[in-house]
Amino acid sequence: MLRSMTGYGKGERTIEGHYFKFEIKSVNHRYLDISIRMPRQFQYMEDKFKNMISDKITRGKIEVFVNYECYSEGQYEVHVNKSLAKIYKEAYESISELLNIENDLTVSNLTKATDVILLKSMDEDEEKLTEIACSVLDEALDRILKMKTEEGSKLSQDILLKNEEILKRLTDVEQIAPLVPVEYKERLMKRLDEFIKNETLDES
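Numbered per the working numbering, the sequence shown spans residues 152 to 355.
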């Protein structure tokens, strides 16, 4: 079965208050190259995701985007990523100094930076969340494979049509080829006759 190297698939679902959305994009690449962008709190799932993807896709540059929202009721903890907050602060200061512009960084702005503040459910079950996430990823994989197969089918049909056209032209060439020397000889003799006649007329 011929499959296209390019494709897109999306899966999203809310299960027991946990909303996951996976978007997968695939483009042509000699080898399998997988990159996953997701909330830091789910970094422990990355190897699992990559194994699932590589089981179904063997080539191409694969980009995966993961979004998560928690709607379940319960107790929550707020985690501040202090080291990341310091990195963002230093980056703002560096840009301010480099461009000679005012550094208007505020705590409010800093807390909006990606993954500086994480909200985590105290009753969060990693195994359960992994199971939910994997089911949504599986849905996205099914959709991208369906698209790659459909595109591959169109590509296969296009190749077959082009092959038929090439074979048709080859057949035409094979039929004409034996006649070419004869036709060329006849044209040459005709020109020679005309030349001889013209020379004779000039001499007279």
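Glycine residues also receive a C-beta, built at the ideal position from the N, C-alpha and C atoms.
Computed from a predicted structure; not experimentally measured.
- Under the 10 Å beta carbon count, LYS299 is surrounded by 16 or more other beta carbons and is classified as buried.
- For ILE204, the three-state secondary structure derived from DSSP is helix.
- Three or more beta-carbon pairs separated by less than 8 Å are not found between the region 244-264 and the region 282-294, which leaves the two stretches without contact.
- Contact between ASN232 and VAL287 is ruled out by a C-beta separation of about 25 Å, above the 8 Å threshold.
- Burial state of SER186 is exposed, judged by a 10 Å Cβ sphere holding fewer than 16 other Cβ atoms.
- DSSP, reduced to helix, strand and coil, places ARG294 within a helical segment of the structure shown.
- Within its own chain, the residues whose Cβ lies closer than 7 Å to the Cβ of LEU256, once the five positions on either side in sequence are excluded, are LYS240, TYR243, listed in chain order.
- Contact between LEU280 and HIS230 is ruled out by a C-beta separation of about 16 Å, above the 8 Å threshold.
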